[in-house]
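Q: So the protein sequences, as listed, match chains A and C. Quick note on my numbering: the first sequence kicks off at 28 and runs consecutively. Quick note on my numbering: the second sequence kicks off at 28 and runs consecutively.
2 protein chains.
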Amino acid sequence: MLKDKAIGIDVGGTNLRAALVSADGAIIKKLKETTTGNVMDALKMAIESLMDDSVVGIGMGVAGLINRKEKKVIISPNIPAINGQDFGGLGGGVPVFIENDASTAALGEMWMGAGRDFESFVLLTLGTGIGGGFIHKGKLLDVAAEAGHMSIEQGGRKCPCGSYGCLETYASARAITGAVTKAIENGAESAVFKDYAGGNIYKLTPEDIYRAAFDGDNLAREALKDAGKYLGIGIANLINIMSPEAVILAGGLIGAWDIYINEAVKEASKRAFKSLSENIKILPASRGDDAGVLGAAHLVFHGEKAYTC
Amino acid sequence: MLKDKAIGIDVGGTNLRAALVSADGAIIKKLKETTTGNVMDALKMAIESLMDDSVVGIGMGVAGLINRKEKKVIISPNIPAINGQDFGGLGGGVPVFIENDASTAALGEMWMGAGRDFESFVLLTLGTGIGGGFIHKGKLLDVAAEAGHMSIEQGGRKCPCGSYGCLETYASARAITGAVTKAIENGAESAVFKDYAGGNIYKLTPEDIYRAAFDGDNLAREALKDAGKYLGIGIANLINIMSPEAVILAGGLIGAWDIYINEAVKEASKRAFKSLSENIKILPASRGDDAGVLGAAHLVFHGEKAYTC
Numbered sequence: 028m029l030k031d032k033a034i035g036i037d038v039g040g041t042n043l044r045a046a047l048v049s050a051d052g053a054i055i056k057k058l059k060e061t062t063t064g065n066v067m068d069a070l071k072m073a074i075e076s077l078m079d080d081s082v083v084g085i086g087m088g089v090a091g092l093i094n095r096k097e098k099k100v101i102i103s104p105n106i107p108a109i110n111g112q113d114f115g116g117l118g119g120g121v122p123v124f125i126e127n128d129a130s131t132a133a134l135g136e137m138w139m140g141a142g143r144d145f146e147s148f149v150l151l152t153l154g155t156g157i158g159g160g161f162i163h164k165g166k167l168l169d170v171a172a173e174a175g176h177m178s179i180e181q182g183g184r185k186c187p188c189g190s191y192g193c194l195e196t197y198a199s200a201r202a203i204t205g206a207v208t209k210a211i212e213n214g215a216e217s218a219v220f221k222d223y224a225g226g227n228i229y230k231l232t233p234e235d236i237y238r239a240a241f242d243g244d245n246l247a248r249e250a251l252k253d254a255g256k257y258l259g260i261g262i263a264n265l266i267n268i269m270s271p272e273a274v275i276l277a278g279g280l281i282g283a284w285d286i287y288i289n290e291a292v293k294e295a296s297k298r299a300f301k302s303l304s305e306n307i308k309i310l311p312a313s314r315g316d317d318a319g320v321l322g323a324a325h326l327v328f329h330g331e332k333a334y335t336c
Numbered sequence: 028m029l030k031d032k033a034i035g036i037d038v039g040g041t042n043l044r045a046a047l048v049s050a051d052g053a054i055i056k057k058l059k060e061t062t063t064g065n066v067m068d069a070l071k072m073a074i075e076s077l078m079d080d081s082v083v084g085i086g087m088g089v090a091g092l093i094n095r096k097e098k099k100v101i102i103s104p105n106i107p108a109i110n111g112q113d114f115g116g117l118g119g120g121v122p123v124f125i126e127n128d129a130s131t132a133a134l135g136e137m138w139m140g141a142g143r144d145f146e147s148f149v150l151l152t153l154g155t156g157i158g159g160g161f162i163h164k165g166k167l168l169d170v171a172a173e174a175g176h177m178s179i180e181q182g183g184r185k186c187p188c189g190s191y192g193c194l195e196t197y198a199s200a201r202a203i204t205g206a207v208t209k210a211i212e213n214g215a216e217s218a219v220f221k222d223y224a225g226g227n228i229y230k231l232t233p234e235d236i237y238r239a240a241f242d243g244d245n246l247a248r249e250a251l252k253d254a255g256k257y258l259g260i261g262i263a264n265l266i267n268i269m270s271p272e273a274v275i276l277a278g279g280l281i282g283a284w285d286i287y288i289n290e291a292v293k294e295a296s297k298r299a300f301k302s303l304s305e306n307i308k309i310l311p312a313s314r315g316d317d318a319g320v321l322g323a324a325h326l327v328f329h330g331e332k333a334y335t336c
């Protein structure tokens with residue numbers, strides 16, 4: 028059998044996605060498992076069910092700080108069960124590659140998605156938290172890229188990371204639902220409370236908030252715009268630092284593009300150096316949940332050559 | 028004559044430094060001119076006085092955003108006279124290379140200074156403004172690296188760049204003297220006013236403030252510590268984003284290391300991801316005003332190979 032495929036895996040906080048990917052970027056087979064049980068078991072099962080003789084290696088994108096040389100997760104704030112875990116042995120003979128999940132998403136979009144037309148871009152994953160991955164000269168820049176933990180309001184909200192005013196405490200899904208919930212607790216009037224999440228404000232999702240905003244709810248709209256403004260400040264900082272050709276936005280929150288992202292684009296263009304921002308493209312990722320598994324497979328096919336040198 | 032030397036030039040806001048540099052990094056001859064007259068004339072004179080048959084090219088580090096391919100200054104906020112100027116023709120036959128001045132300083136420290144032991148580091152120039160240069164895998168990362176224009180207090184001080192709360196509005200020399208001057212205007216008691224700058228608070232320099240702090244003046248001390256705290260926030264952001272092995276600090280303000288930088292180191296270690304910051308070195312640049320001309324000469328000797336690929 029021709030050795031021409033890779034297993035790409037995206038290990039997230041609640042789901043694990045895995046796929047068998049061909050060398051030209053086609054997804055041959057894919058699966059999804061929950062990681063609410065034993066993550067390591069879920070990983071092994073996914074590998075077992077996709078493994079065949081054509082597989083040359085396994086790539087994994089993991090939410091957290093990783094040590095790719097030692098194939099270890101240094102710290103995964105959202106999946107504590109894998110902190111310190113050694114992923115190198117999971118290949119059962121084939122090599123294992125490990126990266127941060129926002130970095131694999133960036134590689135996936137570069138290879139087969141919205142990043143194809145750019146030599147350099149910053150990808151941000153906008154979900155419960157905010158992650159970052161930097162593509163530079165068609166390769167992955169081997170840096171932490173923890174853009175969600177850039178403080179933009181130095182005396183601001185306490186972040187679980189230990190700092191204050193990190194981008195993700197203002198612009199993530201958790202920040203948006205938190206802001207709405209808190210406002211309602213403090214007596215704000217909002218359709219969100221009555222019409223969504225069965226009247227239970229602690230079950231509100233970002234989707235509920237977006238739908239409410241779309242339906243004209245002011246509180247929901249302001250929460251999304253406020254988060255978007257902060258996102259724009261973070262994007263402006265990244266433009267001034269990384270001077271990318273594009274900023275690609277991924278994750279569930281991009282569904283709220285016309286309110287949340289539009290506000291971010293407006294704020295970023297007010298703040299970033301004009302000469303750096305005037306020609307920049309800010310656009311949505313195009314491969315959705317597949318970007319991570321594609322990027323993880325890309326790592327297998329390219330190894331060290333996937334990275335800037 | 029052997030073609031084995033380069034002219035390195037550092038074009039700053041008030042001074043222009045130029046040197047004839049050998050391929051092994053020795054400074055053979057150097058000179059300094061003021062740029063308060065006609066900058067382009069000063070540049071031409073410097074080149075003329077250093078040029079000989081052994082020169083293979085001219086490298087320049089310029090304070091501002093540059094377009095290195097077109098050899099043009101896009102915008103130099105502190106030397107408006109060179110905005111849009113084309114530097115390519117200044118070589119009179121030998122090739123010309125142009126870079127941002129913090130990037131050439133980073134290259135100079137990498138080649139012949141405090142950066143020699145590191146594969147990757149962030150260099151910050153702490154002067155009137157704050158500049159940045161990133162070394163990645165022993166090469167210059169080809170990005171804007173405008174670390175001084177990262178907003179860390181989003182609703183904070185208005186920055187000349189158009190944004191608010193940029194790092195340099197809180198942590199630069201201009202920010203420090205500004206804070207002391209304003210406090211004295213508002214009636215604060217301080218030895219700085221009486222004993223330094225001839226009693227003229229508008230002539231206070233960062234050196235005056237450091238000496239006053241060293242002599243026990245509280246206002247001066249607090250101004251330096253406050254600026255240091257903000258610098259630490261900026262450094263923490265850069266650690267979380269760039270995960271360097273070291274942060275190298277250059278520029279006049281590093282003379283205030285025991286107050287200003289110590290505070291920055293303390294704040295950065297509180298805020299950055301522990302796994303990224305615990306082994307990091309934060310240290311002073313060792314080549315002072317020579318780093319820029321050395322880095323500019325390095326560019327001549329290496330061309331495109333000076334950059335990450």
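Yeah, the Cβ is synthetic: ideal placement off N, Cα and C, and Gly gets one too. Just so we're clear, the structure is a prediction, and the values are computed from it rather than from any experiment.
(1) Within 10 Å of its beta-carbon, does Asn-267 (chain C) have 16 or more other beta-carbons around it, so buried, or fewer, so exposed?
(2) As a quick exercise: from A:Ser-49, A:Asp-235 and A:Met-78, pick the residue whose alpha carbon is nearest that of Ala-250 (chain A).
(3) Which chain C residues sit within Cβ distance under 7 Å of Ala-174 (chain A)?
(4) At what residues does the beta strand (DSSP E) containing Leu-168 (chain C) begin and finish?
(5) On the three-state DSSP scale, how would you describe Asp-242 (chain A)?
(6) Quick check: is the beta carbon of Ser-304 (chain C) nearer than 8 Å to any beta carbon in chain A?
(7) Count the CB pairs spanning the stretch 281–296 of chain C and the stretch 80–99 of chain C that are closer than 8 Å, and state whether there are at least three.
(8) Is there a Cβ from chain C that is less than 8 Å from the Cβ of His-325 (chain A)?
(9) Keeping to the same chain, check which residues put their C-beta closer than 7 Å to that of Ser-49 (chain C); ignore five residues upstream and five downstream.
(10) Rounded to whole angstroms, what's the CA-CA distance from Ser-20 (chain A) to Met-28 (chain A)? Just pull it up for me.
(11) With DSSP collapsed to three states, give me the class of Phe-161 (chain A).
(12) Should Val-121 (chain A) and Leu-70 (chain A) be called a contact, given that it needs their Cβ atoms to be closer than 8 Å?
(13) Is there a C-beta anywhere in chain A that falls below 8 Å from the one on Asn-127 (chain C)?
(14) Rank A:Gly-279, A:Thr-208, A:Ala-132 and A:Gly-119 by C-alpha distance to the C-alpha of Leu-167 (chain A) and give the top, closest one.
(15) Classify Pro-104 (chain C) as helix, strand or coil using the three-state DSSP reduction.
(16) Are the stretch 214–231 of chain C and the stretch 273–285 of chain C touching, with three or more C-beta to C-beta distances below 8 Å?
(17) Ignoring anything shorter than 4 residues, give me the alpha helix (DSSP H) runs that lie fully in the stretch 204–242 of chain C, in order along the chain.
(18) Here's a check: name, in chain order, each residue in its chain whose Cβ is nearer than 6 Å to the Cβ of Ala-141 (chain C), leaving out the five neighbours to either side.
(19) Quickly, what does DSSP pair Ala-90 (chain A) with across the bridge? List them, please.
(20) Look at Leu-203 (chain A) and Ile-260 (chain A) and say whether their C-beta atoms are less than 8 Å apart.
(21) Quick check on Met-137 (chain C) - is its C-beta less than 8 Å from some C-beta in chain A?
(22) Assuming Ile-74 (chain C) is part of the alpha helix (DSSP H), what are its boundary residues?
(23) Quick one: what does DSSP say Asn-110 (chain C) is sitting in, helix, strand or coil?
(24) Just reading off the alpha helix (DSSP H) that Leu-326 (chain C) is part of, what are its end residues?
(25) What residue ranges within the stretch 238–293 of chain C form continuous beta strand (DSSP E) runs of no fewer than 3 residues, ordered along the chain?
(26) Distance check for Val-100 (chain A) and Val-337 (chain A), CA to CA, integer angstroms please.
(27) Lys-308 (chain C) by DSSP, collapsed to three states: which one?
(28) Give me the subset of the stretch 82–102 of chain A whose CB atoms are less than 8 Å from a CB atom of chain C, sorted by chain position.
(29) Among A:Gln-181, A:Glu-136, A:Arg-143 and A:Asp-144, which one has its Cα closest to the Cα of Gly-159 (chain A)?
(30) Between which residues of its own chain and Asn-110 (chain C) is the CB-CB distance below 7 Å, once the five residues before and five after are set aside?
(31) Against Val-274 (chain C), what residues of chain A qualify as contacts under a CB-to-CB distance less than 7 Å, listed in chain order?
(32) Which residues in chain A have a C-beta closer than 8 Å to the C-beta of Ala-250 (chain C)? List them in chain order.
(33) CB-CB under 7 Å to Arg-248 (chain A), same chain, minus the five flanking residues each way: which ones, in chain order?
(34) Does any residue of chain A have a CB that is nearer than 8 Å to the CB of Gln-181 (chain C)?
(35) Quick test of your reading: Ala-206 (chain A) and Gly-279 (chain A), contact by CB under 8 Å. State the CB separation rounded to the nearest angstrom.
A: On the basis of the data shown:
(1) buried
(2) A:Asp-235
(3) Ile-268
(4) Per DSSP, Leu-168 (chain C) belongs to no beta strand (DSSP E) and is neither H nor E.
(5) coil
(6) no
(7) no
(8) no
(9) Asp-31, Lys-32 and Ile-55
(10) This structure leaves residue 20 (chain A) out entirely; chain A is present only between 28 and 336.
(11) strand
(12) no
(13) no
(14) A:Ala-132
(15) coil
(16) no
(17) 218–222 and 233–241
(18) Ile-275, Leu-310, Ala-312 and Ser-313
(19) Ala-90 (chain A) pairs with nothing; no bridge assigned.
(20) According to the sequence displayed, residue 203 (chain A) carries Ile and not Leu. No.
(21) no
(22) 66–77
(23) coil
(24) 317–329
(25) 273–277
(26) Because chain A in this structure spans residues 28 to 336, residue 337 (chain A) falls outside the shown range and cannot be described.
(27) strand
(28) Leu-92, Ile-101 and Ile-102
(29) A:Glu-136
(30) Val-100, Ile-102 and Ser-103
(31) Under the 7 Å cutoff, chain A gives no residues; its nearest Cβ is about 14 Å from Val-274 (chain C).
(32) None at all; the shortest Cβ gap to chain A is about 17 Å.
(33) Ala-240 and Ile-286
(34) yes
(35) Ala-206 (chain A) to Gly-279 (chain A), Cβ: 17 Å. No contact.
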